[in-house]
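Everything in the sequence shown is counted per my numbering, starting at 84 for the first residue and increasing by one. In this text, a Cβ means the ideal position worked out from N, Cα and C, and glycines have one as well. To keep things clear, I will list the structure first and then write my remarks on it.
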Amino acid sequence: MSKAKQVTKVVLGVSGASGACYAVRTLQLLLAAGIQVDLIYSNAAKRVLFEEMDIRLQQDPTILLQGQEAGAELRLWPNEDIGAPPASGTAIGDVVMLVPCSLSTIGAIAHGGASNLIERAAQVALKEGKHLLVVPRESPLSKVHLDCLSRLAWAGATVLPASPGFYQRPQSIEDLVDQVCGKILNRCGIEQQCLPAWDGGIGAQRHPVGEDQVDGRGDATS
Ligand SMILES: Cc1cc2nc3c(=O)[nH]c(=O)nc-3n(C[C@H](O)[C@H](O)[C@H](O)COP(=O)(O)O)c2cc1C
84 MSKAKQVTKV VLGVSGASGA CYAVRTLQLL LAAGIQVDLI YSNAAKRVLF EEMDIRLQQD
144 PTILLQGQEA GAELRLWPNE DIGAPPASGT AIGDVVMLVP CSLSTIGAIA HGGASNLIER
204 AAQVALKEGK HLLVVPRESP LSKVHLDCLS RLAWAGATVL PASPGFYQRP QSIEDLVDQV
264 CGKILNRCGI EQQCLPAWDG GIGAQRHPVG EDQVDGRGDA TS
């Protein structure tokens with residue numbers, strides 16, 4: 084039986100969709116897990132990081148760690164440098180994740196665009212059979228958006244929308260962010276503690292089988 088290859092290196096592309104907190108938390112979790120990260124951010128991402136988190140991202144990406152120990156190597160590549168290592172199949176690592184991913188970048192990738200390093204790394208992942216994972220954030224979605232997302236899924240990418248669930252009763256924004264980021268790591272086979280496995284929930288605990296069962300088939304109170 085073939086064993087899944089352990090992820091040791093990830094390209095993390097951050098584009099200018101809302102949800103900069105997902106990028107920051109994902110970066111922290113990857114480094115804490117001992118994974119080498121090649122970080123690329125777009126100009127629009129810089130703007131959103133400032134609008135949403137007051138982060139002024141200049142040349143030193145460690146500001147994103149917000150005081151946390153890196154744990155593993157973090158390398159920053161300019162999005163304009165289409166000759167940087169993430170542009171090549173020989174150096175791309177195991178996973179390319181775009182967190183969050185604007186619909187503009189998704190549109191470009193879905194149509195073969197590779198005019199900056201984020202787009203190029205995504206194309207390389209697709210052509211080399213590596214894992215491409217995109218975390219889109221937009222609402223509502225137009226038919227154009229849906230078509231582009233569908234094309235990426237068809238090409239083999241994981242489309243993991245930034246849409247946390249509420250059934251695990253999140254208590255804070257941090258819980259919601261952790262849920263999405265935990266799912267990102269899970270999907271890439273990286274161990275994480277942010278997203279606990281569903282245990283059946285409160286319904287199962289209050290209503291064991293045989294009693295007033297809450298099983299989704301009807302109203303337990305009636
Ligand atoms: C504050 C702010 C929030 C934005 N939120 C989104 C968003 O949620 N989704 C999206 O697709 N674009 C969003 N945009 C627009 C993108 O930043 C814009 O399309 C940009 O050109 C994307 O460039 P990039 O893909 O190179 O990062 C936002 C822009 C700003 C300034």
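Compute the Euclidean distance between the alpha carbons of residue i and residue j, then round it to the nearest angstrom.
i: Tyr124; j: Gly286; result: 43 Å
i: Gly272; j: Gln254; result: 26 Å
i: Ser198; j: Gln111; result: 28 Å
i: Glu152; j: Ala115; result: 7 Å
i: Gln206; j: Leu235; result: 10 Å
i: Gly96; j: Ala238; result: 19 Å
i: Cys231; j: Ser98; result: 16 Å
i: Val263; j: Val90; result: 19 Å
i: Tyr250; j: Arg270; result: 19 Å
i: Ala127; j: Asp282; result: 39 Å
i: Arg158; j: Val93; result: 11 Å
i: Tyr105; j: Val182; result: 7 Å
i: Gly117; j: Lys266; result: 18 Å
i: Ser85; j: Asp177; result: With a pLDDT of 48 at Ser85, under the threshold of 50, the modelled position of this residue cannot be trusted, and the question is left open.
i: Gly301; j: Ser225; result: Per-residue confidence for Gly301 stands at a pLDDT of 49, beneath the threshold of 50, marking its modelled position as unreliable; the derived number appears in the next sentence. Roughly 35 Å between the two C-alpha positions.
i: Gly102; j: Arg130; result: 12 Å
i: Glu156; j: Val107; result: 15 Å
i: Glu202; j: Gln119; result: 20 Å
i: Gly154; j: Val227; result: 40 Å
i: Leu229; j: Ile192; result: 13 Å
i: Glu257; j: Leu113; result: 17 Å
i: Pro169; j: Val179; result: 9 Å
i: Leu259; j: Pro247; result: 6 Å
If you follow the alpha helix (DSSP H) that residue i is part of, which residue opens it and which one closes it?
i: Gly265; result: 256-270
i: Tyr105; result: 103-115
i: Lys226; result: 226-237
i: Leu200; result: 200-211
Among the options, which has the Cα closest to the Cα of residue i?
i: Val242; options: Val218, Asp261, Pro223, Trp281; result: Val218
i: Ala245; options: Thr109, Gly196, Val93; result: Thr109
i: Leu122; options: Val131, Phe133, Ile175, Asp137; result: Ile175
i: Ala204; options: Pro223, Ser171, Cys184; result: Ser171
i: Ala208; options: Ile118, Thr173, Pro223, Glu257; result: Thr173
i: Ala188; options: Leu147, Lys210, Leu216; result: Note that residue 188 is Thr in the sequence shown here, rather than Ala. Of Leu147, Lys210, Leu216, the residue nearest in Cα terms is Leu216.
i: Glu211; options: Ala240, Gly102, Lys226; result: Ala240
i: Trp160; options: Ile192, Leu113, Asp143; result: Asp143
i: Arg252; options: Arg130, Glu156, Gly284; result: Gly284
Which residues bound the beta strand (DSSP E) around residue i?
i: Cys184; result: 178-184
i: Arg158; result: 157-159
i: Leu95; result: 92-97
i: Ile146; result: Looking at the DSSP string, Ile146 is not in any beta strand (DSSP E), and its letter there is neither H nor E.
i: Leu140; result: That residue, Leu140, is in no beta strand (DSSP E); it is neither H nor E in DSSP.
For residue i and residue j, which I take to be in contact (beta-carbon distance under 8 Å), what is that distance rounded to the nearest angstrom?
i: Glu221; j: Leu268; result: In fact, because the Cβ distance is near 23 Å, the residues do not count as touching under 8 Å.
i: Leu132; j: Asp164; result: With 8 Å as the limit, Leu132 and Asp164 do not qualify as a contact, their Cβ atoms being about 20 Å apart.
With a threshold of 7 Å (Cβ to nearest heavy atom), would residue i be considered close to ligand 3?
i: Ala174; result: Here the bound small molecules are ligand 1; ligand 3 is not part of this structure.
- Item | Neighbouring residues (CB closer than 6 Å to any heavy atom of ligand 1) | Ser98, Gly99, Ala100, Ser101, Ser125, Ala127, Ala128, Arg130, Val131, Glu134, Ser185, Leu186, Ser187, Thr188, Arg220, Glu221
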